[in-house]
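J.: Numbered according to the numbering used here, the sequence shown spans residues 7 to 506.
Every residue gets a Cβ at the ideal spot worked out from N, C-alpha and C, and that includes glycine.
Note that the structure is a prediction, hence the values are computed from the model and not measured.
Have a look at the structure that comes next, please.
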Amino acid sequence: MALSLLTPMFKVERDEELCIQCKVCMRQCVNGVHWYDEEEDRMRCDHKKCVGCHRCVVLCPTGALTVKKYPLEFRENAHWTLDYIRSIYLQAETGGILLTGMGNDRPYPVYWDHMVLNASQVTNPSIDPLREPMELKTYLGRKPKAVEIKNGKLAEKLPPQLELDVPIMFSAMSFGSISLNAVKSLAQAARETGTFFNTGEGGLHRDLYEYGANTIVQVASGRFGVDPDYLKAGAGIEIKIGQGAKPGIGGHLPGEKVGPEVSATRMIPLGSDAISPAPHHDIYSIEDLRQLIFSLKEATNYEKPVGVKIAAVHNVAAIASGIARAGADFVAIDGFRGGTGAAPLRTRDNVGIPIEFALAAVDERLRREGIRNEVSIVVGGSIRNSADVVKAIALGADAVYIGTAALIALGCHLCQKCNTGKCNWGIATQDPYLVKRLNPEIGARRAANLIRAWAHEIKELLGGMGINAIESLRGNRLMLRGIGLNEKELSILGIKAAGE
Ligand code: SF4
Ligand code: SF4
Ligand code: SF4
7 MALSLLTPMF KVERDEELCI QCKVCMRQCV NGVHWYDEEE DRMRCDHKKC
57 VGCHRCVVLC PTGALTVKKY PLEFRENAHW TLDYIRSIYL QAETGGILLT
107 GMGNDRPYPV YWDHMVLNAS QVTNPSIDPL REPMELKTYL GRKPKAVEIK
157 NGKLAEKLPP QLELDVPIMF SAMSFGSISL NAVKSLAQAA RETGTFFNTG
207 EGGLHRDLYE YGANTIVQVA SGRFGVDPDY LKAGAGIEIK IGQGAKPGIG
257 GHLPGEKVGP EVSATRMIPL GSDAISPAPH HDIYSIEDLR QLIFSLKEAT
307 NYEKPVGVKI AAVHNVAAIA SGIARAGADF VAIDGFRGGT GAAPLRTRDN
357 VGIPIEFALA AVDERLRREG IRNEVSIVVG GSIRNSADVV KAIALGADAV
407 YIGTAALIAL GCHLCQKCNT GKCNWGIATQ DPYLVKRLNP EIGARRAANL
457 IRAWAHEIKE LLGGMGINAI ESLRGNRLML RGIGLNEKEL SILGIKAAGE
């Protein structure tokens, strides 16, 4: 076998004084890093296989393990970084595309961190959310330009809406890319917190039909698992055109992940590759998109909102305007940091634009065209905490999707190896041995706790601004100021600089 030039990425250090040779680490690491040396009667490591998922570190009963970056010094070179050198070694060995999981990790600016929120002082007094009612209720769907009230009631029937108790939903993650226990955790958490999870393009497993009232069912280019029962099972429908982690390309779930349950749920043969084409083969224009939107509405008796998910790309505002005019009830925009089960590394890291710019541009364009009320805006692809949610809403979003944050709540340690199917935390895997590592009851509790914690923090931030309803913050960019941004960036975001 030819010599590999690849060096380890991580170094696993074991404190021999603390190690009791229980072999927990050996059983827990699916990558086979730890092994027992019978001759020397001690545990050993194969550092090269470590992906830095921390499973062994967390579960070692004596705290004997530490994982560090492998100390490998190249001559200082700002252009040829270790990542690029490793990529070339790997491609020279395999001749293949580099694949990865999770979102873009390049050091592009994070614009959420260049925006700060306002707070009331003296005038417009702040509100104490512990003492006064605060409203986070959010409705997603088309709104009429004006409403008529007769006898204290709405005179006309509103278009179908999704009702959220908090403006946060779990973004599309398919059964197949993540385990059934992970999907169940999110479904249960969505029900407990009055929000929604999204099936992604993998269909709806029969065990999840009971969560229909908290489900958005997705229709993607592969049409996996789509039939009338599926469409009717959800509270809303989302047509997936694009994804922030891999705009412009489709998906590929390898046959080894298509076991009996994934096969039945996706309605594809056992063990076959699930290929999602890059485009929908029946959509080549906004008119074609309109046909699909109305076919789905027709199929569900016009009782469910139908949205369209796109990746944040250069002309996102014009596309969103077309989507609104095509009759969509909501547009979901996925920024270039959005996560994925598997994506080509170069696409993930180099295609698309930050969600902050995409959101500001879309909201501004829809307002300018007088059609903002016709479509709700949902954004995802980088929301890390409650302050990001509040900033997104002040920039113009109606609600946000969280994906990576939700998986971190379930135990993900961002090792970015989701594409291998060997997730030590039982999340991005279909391996029957590994999936048992995520207990859906515990997962649901953790994901629901995250939503509740963020809801409390959002109320605190709103109260500080003297606002008692999230509705009053939507698109209120006066509540934002920019720090460290140039004139052009401030102008695209539509905000003033701090101090102005
Ligand atoms: S889990 Fe910890 S104590 Fe057990 S063998 Fe591994 S390093 Fe030693
Ligand atoms: S891959 Fe994960 S479980 Fe295995 S040694 Fe590395 S950190 Fe530990
Ligand atoms: S889901 Fe699993 S494989 Fe993917 S980044 Fe998280 S811990 Fe790693």
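Spatial neighbours of Glu99 within its chain, please: CB distance less than 7 Å, with the 5 preceding and 5 following residues excluded, ordered by chain position.
T.: As a first step, residue 99 must be located in the sequence shown, where it is residue number 93. Once the five neighbours on either side are set aside, the close Cβ partners of Glu99 are Ser10.
J.: Candidates Val381, Val319, Ala323: which alpha carbon is nearest Pro360's?
T.: As a first step, residue 360 is located in the sequence shown; it is residue number 354 there, counting from the start. With distances taken between Cα atoms, Pro360 lies closest to Val319.
J.: Evaluate contact between the stretch 458 to 476 and the stretch 131 to 144, counting only Cβ atoms and requiring at least three cross-stretch pairs below 8 Å.
T.: They touch, by the three-pair rule.
J.: If I follow the unbroken alpha helix (DSSP H) through Glu493, where does it start and stop?
T.: Here the question's residue 493 lines up with position 487 in the sequence shown. Taken as a continuous stretch (DSSP letters only), the alpha helix (DSSP H) holding Glu493 covers 493 to 499.
J.: Hey, out of Asp235, Glu466, Asp288, whose CA is closest to Met273's CA?
T.: For this step, residue 273 is matched to residue 267 along the sequence shown. For the set Asp235, Glu466, Asp288, the Cα lying nearest the Cα of Met273 is the one of Asp235.
J.: Could you tell me whether the Cβ atoms of Val395 and Val406 are closer together than 7 Å?
T.: Within the sequence shown, numbered from 1, the residue matching residue 395 stands at position 389. Within the sequence shown, numbered from 1, the residue matching residue 406 stands at position 400. Taking 7 Å as the Cβ cut-off, Val395 and Val406 qualify as a contacting pair.
J.: Buried or exposed: where does Gly101 fall if 16 or more other Cβ atoms within 10 Å of its Cβ makes it buried?
T.: Here the question's residue 101 lines up with position 95 in the sequence shown. The residue in question, Gly101, is exposed, as its Cβ has fewer than 16 Cβ neighbours within 10 Å.
J.: So what's Pro438 in DSSP terms, helix, strand or just coil?
T.: For this step, residue 438 is matched to residue 432 along the sequence shown. The answer is helix: DSSP assigns Pro438 an H, G or I state.
J.: Excluding five sequence neighbours on each side, which residues of the same chain lie with their C-beta closer than 6 Å to the C-beta of Ala226?
T.: Looking up residue 226 in the sequence shown gives position 220. Closer than 6 Å at Cβ, skipping near neighbours: Glu207, Lys246, Ser282.
J.: Taking a contact to mean a Cβ-Cβ separation below 7 Å, would you say Gly427 touches Lys190 in this structure?
T.: As a first step, residue 427 is located in the sequence shown; it is residue number 421 there, counting from the start. As a first step, residue 190 is located in the sequence shown; it is residue number 184 there, counting from the start. Result no, Cβ atoms of Gly427 and Lys190 do not sit closer than 7 Å.
J.: Which residues in the same chain have their Cβ closer than 6 Å to the Cβ of Cys56, if we skip the five residues on either side of it in sequence?
T.: For the purposes of this step, residue 56 is taken as residue 50 along the sequence shown, with counting starting at 1. Closer than 6 Å at the Cβ level, and outside the excluded window around Cys56, lie Phe16, Val18, Val39.
J.: Go ahead and pull the three-state DSSP assignment for Lys156.
T.: Within the sequence shown, the letter at position 150 stands for residue 156. Lys156 falls in the strand class under three-state DSSP.
J.: Using three-state DSSP, classify Met175 as helix, strand or coil.
T.: By 1-based counting over the sequence shown, the position of residue 175 is 169. Correct three-state label for Met175: strand.
J.: Please state whether the Cβ-Cβ distance between Arg418 and Ile433 is less than 7 Å.
T.: Position 412 of the sequence shown holds residue 418. Position 427 of the sequence shown holds residue 433. According to the sequence shown, residue 418 is Cys rather than Arg. Yes, Cβ-Cβ distance for Cys418 and Ile433 is below 7 Å.
J.: Would you check if the distance between the CB atom of Val441 and the CB atom of Ser183 is smaller than 7 Å?
T.: The residue given as residue 441 occupies position 435 in the sequence shown. The residue given as residue 183 occupies position 177 in the sequence shown. For Val441 and Ser183, no; Cβs fall outside 7 Å.
J.: Between the alpha carbons of Asp355 and Gly254, how many angstroms are there, rounded?
T.: Numbered from its first residue, the sequence shown carries residue 355 at position 349. Numbered from its first residue, the sequence shown carries residue 254 at position 248. So the two alpha carbons sit approximately 13 Å from each other.
J.: So Leu351 packs on Leu104, CB below 8 Å; how close in whole Å?
T.: Numbered from its first residue, the sequence shown carries residue 351 at position 345. Numbered from its first residue, the sequence shown carries residue 104 at position 98. The Cβ separation is near 4 Å, so the contact holds.
J.: What is the chain-ordered set of residues for which the beta carbon lies under 6 Å from any non-hydrogen atom of ligand 3?
T.: Here the residues come out as Cys59, Gly107, Met108, Leu413, Cys418, His419, Leu420, Cys421, Gln422, Lys423, Cys424, Cys429, Trp431, Ile433, Ala434.
J.: Could you check whether Met108 and Gly345 sit closer than 7 Å to each other, using their CB atoms as the reference points?
T.: Within the sequence shown, residue 345 is the residue found at index 339, counting from 1. Within the sequence shown, residue 108 is the residue found at index 102, counting from 1. Yes, the pair counts as a contact, with Cβ atoms nearer than the cut-off.
J.: When every heavy atom of ligand 1 is checked, does at least one fall within less than 6 Å of the C-beta of Leu71?
T.: Position 65 of the sequence shown, counting from 1, holds the residue named residue 71. Distances between the C-beta of Leu71 and the heavy atoms of ligand 1 include at least one below 6 Å.
J.: Pick helix, strand or coil for Met140, following the three-state DSSP scheme.
T.: Taking the sequence shown and counting its residues from 1, one reaches residue 140 at position 134. It is coil, neither helix nor strand.
J.: Of the choices Gln34, Asp294, Met485, whose alpha-carbon is the least far from that of Gly469?
T.: Working through the sequence shown from its first residue, we reach residue 469 at position 463. Of the candidates Gln34, Asp294, Met485, the one whose C-alpha sits nearest the C-alpha of Gly469 is Met485.
J.: Grab me the residues of Glu506's own chain with a C-beta within less than 8 Å of its C-beta, minus the 5 sequence neighbours each way, in chain order.
T.: As a first step, residue 506 must be located in the sequence shown, where it is residue number 500. Within the same chain, Glu506 has close Cβ partners Arg487.
J.: What span of residues does the alpha helix (DSSP H) with Gly469 cover, start to end?
T.: Residue 469 sits at position 463 when you count from the first residue of the sequence shown. 446 to 470 is the extent of the alpha helix (DSSP H) around Gly469.
J.: Rounded to a whole number of angstroms, what is the C-alpha to C-alpha distance between Pro311 and Glu154?
T.: Position 305 of the sequence shown, counting from 1, holds the residue named residue 311. Position 148 of the sequence shown, counting from 1, holds the residue named residue 154. Cα to Cα, Pro311 sits roughly 22 Å from Glu154.
J.: Is the CB-CB distance between Ala70 and Arg20 below 7 Å?
T.: Residue numbering aside, residue 70 sits at position 64 when the sequence shown is read from its first letter. Residue numbering aside, residue 20 sits at position 14 when the sequence shown is read from its first letter. A distance below 7 Å separates the beta carbons of Ala70 and Arg20.
J.: With which residues is Val384 paired in a DSSP beta bridge?
T.: Stepping through the sequence shown from its first residue, residue 384 is reached at position 378. Its beta-bridge partners are Ala338, Ala405.
J.: Taking the alpha-carbon of Pro446 as reference, which of Gly257, Lys502, Ala188 has the nearest alpha-carbon?
T.: As a working note, residue 446 is residue 440 in the sequence shown. Pro446 has its Cα closest to that of Ala188, out of Gly257, Lys502, Ala188.
J.: Does DSSP classify Ala43 as helix, strand or coil?
T.: The residue labelled residue 43 in the question sits at position 37 within the sequence shown. According to the sequence provided, residue 43 is Asp. The question's Ala does not apply to it. Asp43 falls in the strand class under three-state DSSP.
J.: Thr72 by DSSP, collapsed to three states: which one?
T.: As a position in the sequence shown, residue 72 is number 66, starting the count at 1. DSSP places Thr72 in strand when its eight states are reduced to three.
J.: Please classify Lys75 as buried or exposed, where buried requires at least 16 neighbouring CB atoms within 10 angstroms.
T.: What you label residue 75 is simply residue 69 of the sequence shown in a count that begins at 1. Looking at its Cβ environment, which holds fewer than 16 other Cβ atoms inside 10 Å, Lys75 is exposed.
J.: Just to confirm the assignment, what range does the alpha helix (DSSP H) spanning Thr199 have?
T.: The count along the sequence shown starts at 1 and reaches residue 199 at position 193. Counting along the chain, the alpha helix (DSSP H) containing Thr199 begins and ends at 186 to 199.
J.: On the CB-based measure, 16 or more other CB atoms within 10 Å of its CB, does Asp404 come out buried or exposed?
T.: Against the sequence shown, residue 404 aligns to sequence position 398. Counting of Cβ neighbours within 10 angstroms places Asp404 among the buried residues, the total reaching 16 or more.
J.: Suppose you measure from the CA of Arg50 to the CA of Lys423; what does that come to, to the nearest Å?
T.: Taking the first residue of the sequence shown as 1, we reach residue 50 at position 44. Taking the first residue of the sequence shown as 1, we reach residue 423 at position 417. Rounded to whole angstroms, Arg50 to Lys423 spans 23 Å at the Cα level.
J.: On the three-state DSSP scale, how would you describe Ser132?
T.: Counting from one through the sequence shown, the residue named residue 132 turns up at place 126. DSSP places Ser132 in coil when its eight states are reduced to three.
J.: Of all the options Arg378, Asp52, Thr68, which has the alpha carbon lying nearest to the alpha carbon of Pro14?
T.: Locating residue 14 in the sequence shown gives position 8, counting from the first residue. Nearest C-alpha to Pro14: Asp52.
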